[in-house]
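There are 2 protein chains.
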Amino acid sequence: MIRYPNGKQYVPSQTKPATAKTKNEKSFSNRGMTLEDDLNETNQYYLEKQIAVIHKKPTPVQIVQVDYPRRSAAVIKEAYFKQSSTTDYNGIYRGKYIDFEAKETQNKTSFPLKNFHAHQIEHMRQVVDHGGICFVIISAFNEVYLLKAEQLFYFWERCENNGRKSIRKDELDQSACLIKLGYSPRIDYIKAIDSLYFS
Amino acid sequence: MIRYPNGKQYVPSQTKPATAKTKNEKSFSNRGMTLEDDLNETNQYYLEKQIAVIHKKPTPVQIVQVDYPRRSAAVIKEAYFKQSSTTDYNGIYRGKYIDFEAKETQNKTSFPLKNFHAHQIEHMRQVVDHGGICFVIISAFNEVYLLKAEQLFYFWERCENNGRKSIRKDELDQSACLIKLGYSPRIDYIKAIDSLYFS
Chain A
1 MIRYPNGKQY
11 VPSQTKPATA
21 KTKNEKSFSN
31 RGMTLEDDLN
41 ETNQYYLEKQ
51 IAVIHKKPTP
61 VQIVQVDYPR
71 RSAAVIKEAY
81 FKQSSTTDYN
91 GIYRGKYIDF
101 EAKETQNKTS
111 FPLKNFHAHQ
121 IEHMRQVVDH
131 GGICFVIISA
141 FNEVYLLKAE
151 QLFYFWERCE
161 NNGRKSIRKD
171 ELDQSACLIK
181 LGYSPRIDYI
191 KAIDSLYFS
Chain B
1 MIRYPNGKQY
11 VPSQTKPATA
21 KTKNEKSFSN
31 RGMTLEDDLN
41 ETNQYYLEKQ
51 IAVIHKKPTP
61 VQIVQVDYPR
71 RSAAVIKEAY
81 FKQSSTTDYN
91 GIYRGKYIDF
101 EAKETQNKTS
111 FPLKNFHAHQ
121 IEHMRQVVDH
131 GGICFVIISA
141 FNEVYLLKAE
151 QLFYFWERCE
161 NNGRKSIRKD
171 ELDQSACLIK
181 LGYSPRIDYI
191 KAIDSLYFS
């Protein structure tokens with residue numbers, strides 16, 4: 001049982017941040033694991049095996065009030081979750097800049113584009129313009145897909161031009177690369193990167 | 001005057017996170033600006049001018065308790081600052097992965113290596129091993145220096161081998177590249193990257 005400097009006990013269920021993670025736990029592969037957990041484990045595997053250096057960025061938080069109790073660590077007493085202006089994951093692989101976002105849906109027939117906000121798409125465009133490797137890992141329809149940012153832009157623009165607001169399953173099957181789930185690493189997306197960007 | 005959803009007022013002086021930033025304000029160039037402020041402004045300039053895509057990572061926070069008031073945003077009621085296992089800044093420039101940390105000292109004669117922790121040095125080694133461009137921006141002695149990670153490793157190992165625990169001013173003058181301070185961008189470190197890595 002974890003106890004914090006103030007002696008309080010860490011109670012995960014009530015205290016989880018209000019991120020996709022909480023939602024994921026119900027859905028992702030029904031293994032009680034979240035997509036984020038699996039990607040973190042995978043990135044740790046890549047790091048230890050010296051395959052790639054890719055980390056999840058911390059959750060952006062707007063800090064409003066901090067207390068500085070004597071003889072103990074600073075305590076954040078009031079803060080709010082902020083929307084990220086970039087993607088969640090970045091790093092380096094084979095000397096190239098890697099940048100991606102991970103999303104999932106419970107939908108059975110399509111992936112809703114409302115999972116992204118304009119800032120993230122704009123960031124992905126900038127990364128692609130500067131020669132980076134940019135993509136989305138999508139957990140949907142009991143599969144995990146790697147969709148290149150360039151493909152995502154096509155569906156995003158179709159939506160902006162009053163087209164459909166989601167990517168149909170058959171469209172994803174055609175335009176994305178399936179990632180095989182394993183034990184370790186759990187989501188071996190580097191294989192997909194190799195075939196999509198290095199071959 | 002900023003007011004948050006709860007109507008509370010944002011009072012920067014008491015509420016700044018307990019990072020280097022608070023310290024910096026007393027010292028950095030005596031312009032009331034922090035090194036972090038100037039680097040954020042510089043990165044924003046690079047982004048708008050489409051020169052590079054480099055962002056500061058959010059401050060890592062261990063969230064302990066979150067309230068979910070009805071009809072309003074989730075409020076983090078208890079959280080603690082976490083030590084980062086990576087560096088603060090990364091991104092892409094001229095197709096290459098960029099990764100750096102920014103530090104400053106009030107010391108007059110040397111830069112103390114205790115400004116870094118082993119995790120950060122280890123991360124920098126991994127970045128260099130994978131072909132990334134990795135360095136430290138050091139604000140010291142009324143100058144701003146760009147020191148290549150490879151040079152920092154030398155001083156770090158000297159310290160680990162019971163050598164001195166800091167980098168002397170004359171050593172920094174010899175091994176680092178001076179960054180000229182300007183109005184916009186304020187800290188034009190890309191010029192130093194060009195001369196150190198692309199020429």
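Chains A and B, in that order, are what the protein sequence lines are. Residues in the first sequence are numbered from 1 upward in steps of one, following UniProt numbering. Residues in the second sequence are numbered from 1 upward in steps of one, following UniProt numbering. Where a beta carbon is used, it is the ideal one built from N, C-alpha and C, also for glycine. Keep in mind it's a predicted model, so treat the numbers as computed, not measured.
Looking at the strands, I want to know which residues DSSP matches up with residue i.
| i | result |
| --- | --- |
| residue 55(A) | 90(A) |
| residue 135(A) | 100(A), 148(A) |
| residue 111(A) | 167(A) |
| residue 143(B) | 140(B) |
Helix, strand or coil for residue i per DSSP?
| i | result |
| --- | --- |
| residue 65(A) | strand |
| residue 148(B) | strand |
| residue 158(A) | helix |
| residue 116(A) | coil |
| residue 168(B) | strand |
| residue 185(A) | coil |
| residue 71(A) | coil |
| residue 26(B) | Reliability fails at residue 26(B), whose pLDDT of 42 lies under 50, so the model's placement of it is uncertain and the value that follows must be treated cautiously. Residue 26(B) falls in the helix class under three-state DSSP. |
| residue 130(A) | coil |
Evaluate residue i with the Cβ neighbour count: other Cβ atoms within 10 Å of its Cβ, from every protein chain shown; 16 or more gives buried, anything less gives exposed.
| i | result |
| --- | --- |
| residue 199(A) | exposed |
| residue 89(A) | buried |
| residue 42(B) | buried |
| residue 130(B) | buried |
| residue 155(A) | buried |
| residue 166(B) | buried |
| residue 72(A) | exposed |
| residue 157(B) | exposed |
| residue 168(B) | exposed |
| residue 34(A) | buried |
| residue 68(B) | exposed |
| residue 108(A) | exposed |
| residue 126(B) | buried |
Terminal residues of the continuous alpha helix (DSSP H) containing residue i?
| i | result |
| --- | --- |
| residue 178(A) | Not the alpha helix (DSSP H): residue 178(A) falls in the beta strand (DSSP E), residues 177-179. |
| residue 192(A) | 189-197 |
| residue 46(B) | 35-48 |
In the DSSP assignment, the beta strand (DSSP E) including residue i goes from what residue to what residue?
| i | result |
| --- | --- |
| residue 97(A) | 96-104 |
| residue 77(A) | 75-81 |
| residue 85(B) | From DSSP, residue 85(B) is part of no beta strand (DSSP E); its letter is neither H nor E. |
message: Residues of the region 62-88 of chain A in Cβ contact with chain B at a cutoff of 9 Å, in chain order, please.
response: If the cut-off is 9 Å between Cβ atoms, the region 62-88 of chain A has 62, 63, 64, 65, 66, 68, 73, 74, 75, 76, 77, 78, 79, 80, 81, 82, 84, 85, 86 near chain B.
- prompt: Of the residues that make up the region 124-150 of chain A, which ones have a beta carbon closer than 8 Å to any beta carbon in chain B?
  reply: Listed by position, the residues of the region 124-150 of chain A near chain B (Cβ gap below 8 Å) are 126, 127, 129, 130, 131, 132.
Contact set between the region 157-188 of chain B and chain A, restricted to residues whose Cβ is under 9 Å from the partner: Cβ contacts with chain A: none found.
- prompt: Looking at chain A, which residues of the region 33-67 of chain B have a Cβ within less than 8 Å of any of its Cβ atoms?
  reply: Listed in sequence order: 47, 50, 52, 53, 55, 57, 58, 59, 60, 61, 63, 64, 65, 66.
- prompt: Can you list, in chain order, the residues of the region 93-123 of chain B whose Cβ is nearer than 9 Å to any Cβ on chain A?
  reply: For the region 93-123 of chain B, the residues whose beta carbon sits under 9 Å from a beta carbon of chain A are, in order, 93, 94, 95, 96, 97, 98, 99, 123.
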